[in-house]
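Structure first, then comments.
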Amino acid sequence: MVRTRFAPSPTGYLHIGGVRTALFCWLFARKHGGQFILRIDDTDQQRNVDEALRPILEGLRWLGIDWDEGPEVGGPHAPYFQSQRADRYRQAVDELLRRGCAYRDYATAEELQEERQQAEREKRTFVYSRRFMARTPEEAARFEAQGRSGVVRLLMPREGTLVIDDLVRGRVEFAWADEQDHVIQRADGSCLYHLASVVDDYQFEITHVIRAEEHLSNTPRQVFIAQSLGYPLPQYAHLPFVAEPGSRNKLSKRKLDKYLKQKDFAELMEHGLKILRAVGFDRPKEILNPVMVDFYELVGYLPEAIINYLALLGWSLSDSREEFTRAELIELFSLDRVNKAPASFDPKKLRAVQERHMQRLPAAKKAEMVSPYLQRARLVADPSEPSARARIEQVVAAAGDRLKVAGDILEFADFFTPDEQLPYDPAVMGKSLGSPEARALLAKLRDALALCEPYSAEALEKCVHQFAAEQGVKLGQVVHPLRAALTGKSVGLGLFDTLAILGRASALRRIDRALSPPTNA
RNA sequence: GGCCCCGUCGUCUAGAGGCCUAGGACACAGGCCUUUCACGCCUGCAACACGGGUUCGAAUCCCGUCGGGGUCACCA
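Numbering (this note's numbering), first residue to last: -13 to 507.
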């Protein structure tokens, strides 16, 4: 039985790199019919764990990465919060002490610091001298009498080699002599991460520890703890991390400002900001950050697309296939096709993957996705009301591939704006309707449209073509002013779709308004 | 600095000794389609970090160099 786990710290957000790790863990478990466990590493956390955890759980849920055991769903190994498992860790520390694999140490920070600097001067790996190691209770008492407080350290081997067979990196060797006597328990009795992690992995019966590469050098100490406690070793798989756009550095949410200097990333952000502003977020910059998954949910990306893109960051199936549904990923995923080199996050590629998934989405689904945006932007009061629903479906159908994320519907706000409130782009109006000739032509076209029968996109197209022919002008000369009058913009849906969706009455009203002297201030 | 990992087009990657004058995708450039914008289609640009070996033959194996990254906490 395969059991994997994802162990986030409750930090208040779900990082893209973190999701990628979670995704691979989840995919591997699902692929093998195993279980995916969510464990919360809040060893060091104070209050507000619930609040800091919410975005993480929500993000995973949005992406469809479901967990079999963990917060909210419980499970046979509960609790799944490290902060609630302290007694188990203490028992493990006692056991380590009893077996002689750990010791109480009374060195002060200054004494340690001095040794460390000495090692650095001599250009060798720092290894603690164990000068303040208490071998007996009497020694411990003596140190304590000096006013020292003790921590528990691992009594690491000082010779030999550890060989790890990593499922993605292959054989990796470490010399035990280079490893530190890490502290596993503080003087106040609280335990540290590595100890906790190993104990939990054992108690949760984790078979495969799949995590980011930055943990590779932590592995020896964890192996030591596990072996000392007599635990069977899990299989390890260290994933390459997700790098910044255009660099090999690890992606970090703190460097947003730096990424914003990168053109593609800035565009991704700007596109999202525009949508968020339109739906009335007053402080979008504080909320929005494409390094975190909330961004994609808020702006209207498809979870399947995000998953697909993330899967491609470090994993590939072949040279000919990049598009996968969640189910296909589960079926096809394997760790031996995971790459070793870090992969940088590419906003452009992500958008391309999103576009492809969006193209495959049935119109009814798109209409559903898009509705909340119209509602929040106060363009549609009730999307389920039949006439509103019909209008939404028409616009979505006509928009076709122009709708790349759900929030893009706001590009077509003019279909949901009352005729008399339609905003005009002055530059466009000047260019298309600035001249008396253009205005006169449009006035004539208006009358032709008033008579065009039936009032459908196909018939309208014929009418407009015929009109241009009769007037002896090029199609463009009539089409551009008409678009400007109808939408106030120079770009948009197909003109005849626009006409048809608006309906005759509304179209004529808009033309009249555009033609009337600019009284609106 | 020690230890560990990594190194194919700008980016994601295919490639497990001859199928490679290195393939695909995204991006980019040009063109076609077209009422705008998208979409779509076509064409083009563009990479095996470097140096030594091994071999009849190396992107693929070995060694070295260089470069990049991770990690060295009483954080997780």
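Heads up, the beta-carbon is just placed ideally off N, CA and C, and yes, glycines get one too.
Check	Outcome
For residue 287, collect the residues of the same chain with a Cβ closer than 7 Å to its Cβ; drop the 5 residues on either side in sequence, then sort them by chain order.	340, 391
Assign residue 203 to one of three DSSP states: helix, strand, or coil.	helix
What residue from 114, 5, 58, 162 has the CA that sits closest to residue 225's CA?	5
Go ahead and pull the three-state DSSP assignment for residue 397.	helix
Using the beta-carbon count (16 or more within 10 Å), is residue 235 buried or exposed?	exposed
Where does the unbroken beta strand (DSSP E) through residue 431 begin, and where does it stop?	First-last for residue 431: 422 to 437, but that is the alpha helix (DSSP H), not the beta strand (DSSP E).
Indicate whether residue 470 and residue 501 have their beta-carbon atoms separated by less than 7 Å.	no
Go ahead and label residue 16 buried or exposed: buried means 16 or more other beta carbons lie within 10 angstroms of its beta carbon, across all protein chains shown.	buried
Along the chain, where does the beta strand (DSSP E) that runs through residue 221 open and close?	221 to 225
Could you compute how far the alpha carbon of residue 396 sits from the alpha carbon of residue 353?	13 Å
Across which residues does DSSP place residue 152 in a beta bridge pair?	156, 222
Excluding the 5 residues preceding and the 5 following residue 488 in the sequence, name in chain order all residues of the same chain whose CB lies nearer than 8 Å to its CB.	401, 472, 496
Quick test of the definition: if touching needs 3 or more C-beta pairs under 8 Å, does the stretch 104 to 116 touch the stretch 181 to 188?	no
Quick check on residue 183: does DSSP put it in helix, strand or coil?	helix
From residue 205 to residue 245, what distance separates their C-alpha atoms?	31 Å
Can you tell me whether DSSP reads residue 505 as helix, strand or coil?	Low confidence applies here, because residue 505 scores a pLDDT of 46, under 50, leaving its location unreliable; read the following figure in that light. Note: residue 505 maps to coil in three-state DSSP.
Take the Cβ of residue 275 as the centre, count every other Cβ of all protein chains shown within 10 Å, and call the residue buried at 16 or more, exposed below.	buried
May I have the straight-line CA-CA distance separating residue 459 from residue 374, to the nearest angstrom?	37 Å
Quick one: measure Cβ to Cβ for residue 18 and residue -12, integer angstroms, because I've assumed they're closer than 8 Å.	4 Å
Report, in whole angstroms, the separation of the C-beta atoms of residue 173 and residue 188, which I expect to be a contact under 8 Å.	25 Å between Cβ atoms; not a contact.
Can you check the stretch 68 to 130 for any beta strand (DSSP E) of at least 3 residues that lies completely inside it and give the ranges in chain order?	88 to 91
On the three-state DSSP scale, how would you describe residue 367?	coil
Rank 474, 237, 217 by C-alpha distance to the C-alpha of residue 200 and give the top, closest one.	237
Could you tell me if residue 302 is buried or exposed, where buried requires 16 or more neighbouring beta carbons within 10 angstroms of its beta carbon?	exposed
Any chance the stretch 131 to 138 sits against the stretch 78 to 93, with 3 or more Cβ pairs inside 8 Å?	yes
Considering only C-alpha positions, which residue in the set 190, 175, 215 is nearest to residue 56?	190
Tell me which residues share the same chain as residue 441 and place their Cβ nearer than 6 Å to its Cβ, disregarding the 5 neighbours each side in the sequence.	490
Can you tell me which of 117, 61, 282, 68 puts its alpha carbon nearest to the alpha carbon of residue 508?	An answer regarding residue 508 cannot be provided, because it is not within the stretch -13 to 507 covered by the chain.
Does DSSP put residue 178 in a helix, in a strand, or in coil?	coil
Nearest-angstrom Cα distance between residue 310 and residue 317?	10 Å
Got a sec? Which residues, its chain only, sit under 7 Å from residue 65 by beta carbon, not counting five neighbours each side?	71
Near residue 379, what residues of its chain come up, given a Cβ to Cβ distance below 7 Å and the 5 sequence neighbours on each side ignored?	349, 353
Have a look at the DSSP bridge pairing and note the partners of residue 26.	67
Rounded C-beta distance between residue 389 and residue 344? I'm assuming under 8 Å.	6 Å
Select from 486, 255, 144 the residue whose C-alpha is nearest the C-alpha of residue 334.	255
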